[in-house]
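Asker: Below is one structure. I have some questions about it.
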Amino acid sequence: MVYYAGVDLGATNVRAAVATDDATTIGISRNGTPRGPTGIDVTEGVLRTLREACGDAGVAPEEIAAAGIGSIGPFDLAEGAVIDPANLPDSIDRIPLTGPIEKLIDSDEVHLHNDTAAGVIGERFHAARNPDDMVYITLSSGVGAGVCCDGEILAGWDGNVGEVGHCVIDPRGRLTCGCGHDGHWEAYCSGNGIPDFARLLADDDPTVSTELPLESPDFTAKDVFELAGEDELADYTIEQLAHWNAIGVTNVVQSFAPIVVSFGGAVALHNEALVVDPIRERVSGMLLNNVPEIRVTDHGDDVVLEGAIASALTEGTGDRQRMRS
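Under this note's numbering, the residues of the sequence shown are numbered 209 to 533, in order.
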């Protein structure tokens, strides 16, 4: 029997799984992402989680033929490392991944992707038609996209293709993104950005009534969606989110012409009717080219991990025709 592994490194959690050659998961482990103090501590957390997944599967790490990694970025692909991750402590400057995992499993077949690229690999692998042109978009604490175009998973020279959350959707630049630049999609429509967007809309029109806890440090995007249909400002915020999301998705579709756009991330997964349905309704009237199928992933929070496993099985592509024999 040949075994394969997938790793999902996020800012909050690290997960690993071991699968057989038909993509059946036989072992899994989940842990919190170490907060440092150094990147090596995060690497050790990843290796520990992968060892635990191997133990759960009853497989020695050296029996793993190939591994896929879906990770937060940005990357130094030459080193196979994450560099200066935005959502981890500043003391974490580099997180080596590819080399340490290669050493653990005694194989140089380790494929490193950003998390959204792993998402599109997983979506492609599990899709009924295994399409060569599709996009996976995450609407979560951030916004990003994984792109498969003409059967190729786009990575770019540095592995950082797909940072569409940092495309400018508002040329007025009224909100500043967490990256420090103005007008980015992520500043308006991410889970981290929605509270500031609601505050901005409230400042624009103080006559709009609301029960949202705008001044509370604990105010979150979840509060906005929970008051949908009951609160004037919450409803107006959701309507404006639909406007900006439709612009962002239209730009992605016009750029890559996917057949399928699949959504994941907590904002989309927990609020499909309020977030994804309005995108479906608006995008069709904004496109020059083909209107894609717009759907929500069937894999929930596991889509990146599923993609990492699929990457290991298919030489980093998600293409079932390239499954290892």
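Beta carbons are placed, not taken as given, at the ideal position from N, Cα and C, and that holds for glycine. The structure displayed is predicted, hence computed values, not measured ones.
I'd like the list of long-range same chain contacts for residue 261, defined as Cβ closer than 6 Å, with 5 residues on each side in sequence excluded.
Answerer: Along the sequence shown, one-based indexing puts residue 261 at 53. Around residue 261: 224, 225, 226, 235, 236 and 237.
Asker: Kindly indicate which three-state DSSP category residue 357 falls into: helix, strand or coil?
Answerer: Numbered from 1 along the sequence shown, position 149 holds the residue referred to as residue 357. Strand.
Asker: Quick check: the Cα distance between residue 488 and residue 502, rounded to an integer number of angstroms?
Answerer: For the purposes of this step, residue 488 is taken as the residue at position 280 of the sequence shown. For the purposes of this step, residue 502 is taken as the residue at position 294 of the sequence shown. Looking at the two C-alpha atoms, the distance is approximately 6 Å.
Asker: Considering only their Cβ atoms, is the gap separating residue 222 from residue 251 smaller than 8 Å?
Answerer: If you number the sequence shown from 1, residue 251 lands on position 43. If you number the sequence shown from 1, residue 222 lands on position 14. Contact flag unset, no.
Asker: Quick check on DSSP: helix, strand or coil for residue 421?
Answerer: The residue given as residue 421 occupies position 213 in the sequence shown. If DSSP states are grouped into helix, strand and coil, residue 421 belongs with coil.
Asker: Is it true that the CB of residue 421 sits closer than 8 Å to the CB of residue 343?
Answerer: Here the question's residue 343 lines up with position 135 in the sequence shown. Here the question's residue 421 lines up with position 213 in the sequence shown. Contact: no.
Asker: So, are the CB atoms of residue 554 and residue 354 less than 8 Å apart?
Answerer: The structure shown does not extend to residue 554, since the chain spans only 209 to 533, so no value can be given for it.
Asker: Could you check what DSSP says for residue 337 in three-state terms: helix, strand or coil?
Answerer: Indexing the sequence shown from 1 puts residue 337 at position 129. Coil, per DSSP.
Asker: In whole angstroms, what is the alpha-carbon distance linking residue 215 and residue 469?
Answerer: Within the sequence shown, residue 215 is the residue found at index 7, counting from 1. Within the sequence shown, residue 469 is the residue found at index 261, counting from 1. Roughly 23 Å separates the two Cα atoms.
Asker: Just how far apart, CA to CA, sit residue 280 and residue 410?
Answerer: What you label residue 280 is simply residue 72 of the sequence shown in a count that begins at 1. What you label residue 410 is simply residue 202 of the sequence shown in a count that begins at 1. Spanning the two alpha carbons is a distance of roughly 33 Å.
Asker: Quick one, which of 514, 348 and 494 has its alpha-carbon nearest residue 471's?
Answerer: Against the sequence shown, residue 471 aligns to sequence position 263. Ranking the options by Cα distance to residue 471, first place goes to 348.
Asker: With a cut-off of 8 Å on the beta carbons, I'd call residue 497 and residue 462 a contact; round off their distance for me.
Answerer: In the sequence shown, counting from the first residue as 1, residue 497 sits at position 289. In the sequence shown, counting from the first residue as 1, residue 462 sits at position 254. Going by Cβ atoms, the distance from residue 497 to residue 462 rounds to 6 Å, so yes, they are a contact pair.
Asker: Mind checking whether residue 476 and residue 504 have CB atoms under 8 Å apart?
Answerer: Along the sequence shown, one-based indexing puts residue 476 at 268. Along the sequence shown, one-based indexing puts residue 504 at 296. For residue 476 and residue 504, yes; Cβs fall inside 8 Å.
Asker: Can you give me the C-alpha to C-alpha distance between residue 358 and residue 526, rounded to a whole angstrom?
Answerer: By one-based count along the sequence shown, residue 358 stands at place 150. By one-based count along the sequence shown, residue 526 stands at place 318. Rounded to whole angstroms, residue 358 to residue 526 spans 13 Å at the Cα level.
Asker: Could you tell me whether the stretch 375 to 393 touches the stretch 430 to 439, using the rule of 3 or more Cβ pairs below 8 Å?
Answerer: Cβ pair count under 8 Å is below three, so no.
Asker: Quick one: Cα of residue 528 to Cα of residue 246, how far?
Answerer: Here residue 528 refers to the residue found at position 320 of the sequence shown. Here residue 246 refers to the residue found at position 38 of the sequence shown. Each residue's Cα considered, the two are about 38 Å apart.
Asker: Could you check if residue 500 is buried or exposed, using at least 16 other CB atoms within 10 Å of its CB as the buried criterion?
Answerer: Within the sequence shown, the letter at position 292 stands for residue 500. Per the 10 Å Cβ criterion, buried.
Asker: If you check the beta carbons only, do residue 432 and residue 445 fall under 8 Å apart?
Answerer: Locating residue 432 in the sequence shown gives position 224, counting from the first residue. Locating residue 445 in the sequence shown gives position 237, counting from the first residue. Cβ atoms of residue 432 and residue 445: closer than 8 Å.
Asker: Identify every residue that forms a DSSP beta bridge with residue 239.
Answerer: By 1-based counting over the sequence shown, the position of residue 239 is 31. BP columns for residue 239 point to 222.
Asker: What is the rounded straight-line gap between the Cα of residue 315 and the Cα of residue 240?
Answerer: Working through the sequence shown from its first residue, we reach residue 315 at position 107. Working through the sequence shown from its first residue, we reach residue 240 at position 32. One C-alpha to the other measures close to 26 Å.
Asker: Could you check if residue 399 belongs to the surroundings of the ligand SAH, using beta carbon to heavy atom distance under 7 Å?
Answerer: This structure simply doesn't include the ligand SAH, nor any ligand for that matter.
Asker: DSSP three-state call for residue 501: helix, strand or coil?
Answerer: Here the question's residue 501 lines up with position 293 in the sequence shown. It is a strand residue.
Asker: What residues in its chain sit with their C-beta under 7 Å from that of residue 249, if we drop five residues either side in the sequence?
Answerer: Here residue 249 refers to the residue found at position 41 of the sequence shown. 242.
Asker: From residue 492 to residue 398, what does the alpha carbon distance come to, in whole angstroms?
Answerer: Here residue 492 corresponds to residue number 284 of the sequence shown, with the count starting at 1. Here residue 398 corresponds to residue number 190 of the sequence shown, with the count starting at 1. Taking the straight line joining both Cα atoms gives about 22 Å.
Asker: If you run the structure through DSSP and keep just helix, strand and coil, what is residue 348?
Answerer: Within the sequence shown, residue 348 is the residue found at index 140, counting from 1. If DSSP states are grouped into helix, strand and coil, residue 348 belongs with coil.
Asker: Would you list the residues sitting across from residue 212 in a DSSP beta bridge?
Answerer: Taking the sequence shown and counting its residues from 1, one reaches residue 212 at position 4. Residue 212 pairs with 227 and 274.
Asker: Kindly indicate the opening and closing residues of the alpha helix (DSSP H) around residue 369.
Answerer: Here residue 369 refers to the residue found at position 161 when the sequence shown is read from its first residue. Where residue 369 is concerned, there is no enclosing alpha helix (DSSP H), given that its DSSP letter is neither H nor E.
Asker: Can you tell me whether residue 467 is helix, strand or coil according to DSSP?
Answerer: In the sequence shown, counting from the first residue as 1, residue 467 sits at position 259. Looking at residue 467 - three-state DSSP - the assignment turns out to be coil, as it is neither helix nor strand.
Asker: Using only the alpha-carbon positions, how far apart do residue 295 and residue 393 sit?
Answerer: In the sequence shown, the residue the question calls residue 295 occupies position 87. In the sequence shown, the residue the question calls residue 393 occupies position 185. Computed Cα separation, rounded: 18 Å.
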